[in-house]
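Right, one structure below, let's go through it.
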């Protein structure tokens, strides 16, 4: 089964391609649900999710990498993303928890 990378700050974790799309959808649902709380601060994240989803649909297996350095350019963005991932972890299907946790692990200093 193919895996793609999640990269941040010269660290890499791998996620099964079969689970990646479900994780992106879960994160989008959390972002969409929280959009009214801080709309100006997460517009960048909506663009990131759009790019991740496009790559997920268009790239071949094993090349659907998520490059977080491109998007987490400020500490405030990283903090917002970490908080949203925590919400996603609480609300996602049990089968996705390990995969979302990989995203959270890579952000830890």
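Residue numbers (the working numbering): 5 to 113.
Built from N, CA and C at the ideal position, the CB exists for glycine as well.
Range covered by the alpha helix (DSSP H) that runs through residue i
i, result
"residue 92", "79 to 95"
"residue 75", "Segment: none, residue 75 is in no alpha helix (DSSP H) and carries neither H nor E."
"residue 58", "43 to 62"
"residue 103", "101 to 111"
Nearest-angstrom beta carbon gap, residue j and residue i [assumed within contact, 8 Å]
i, j, result
"residue 69", "residue 15", "Actually they are not in contact, since the Cβ atoms of residue 69 and residue 15 sit about 13 Å apart, beyond 8 Å."
"residue 21", "residue 7", "6 Å"
Enclosing beta strand (DSSP E) for residue i [first to last residue]
i, result
"residue 9", "7 to 12"
"residue 17", "15 to 20"
Neighbourhood of residue i by C-beta, 8 Å cutoff - its chain only, sequence neighbours within 5 removed
i, result
"residue 82", "76, 111"
"residue 53", "28, 31, 32, 35"
"residue 73", "11, 12, 13"
Nonlocal neighbours in the same chain, by C-beta distance under 7 Å from residue i, ignoring five residues either side
i, result
"residue 96", "30, 104"
"residue 100", "23, 26, 27, 30"
"residue 71", "11"
"residue 106", "10, 17, 19"
Neighbourhood of residue i by C-beta, 6 Å cutoff - its chain only, sequence neighbours within 5 removed
i, result
"residue 127", "This structure cannot speak to residue 127, because the chain is shown only from 5 to 113."
Pairs of beta-carbons, one from the stretch 84 to 98 and one from the stretch 26 to 45, closer than 8 Å: are there three or more?
Contact holds: three or more Cβ-Cβ distances are below 8 Å.
Three-pair Cβ contact test at 8 Å for the stretch 50 to 63 versus the stretch 18 to 29
yes
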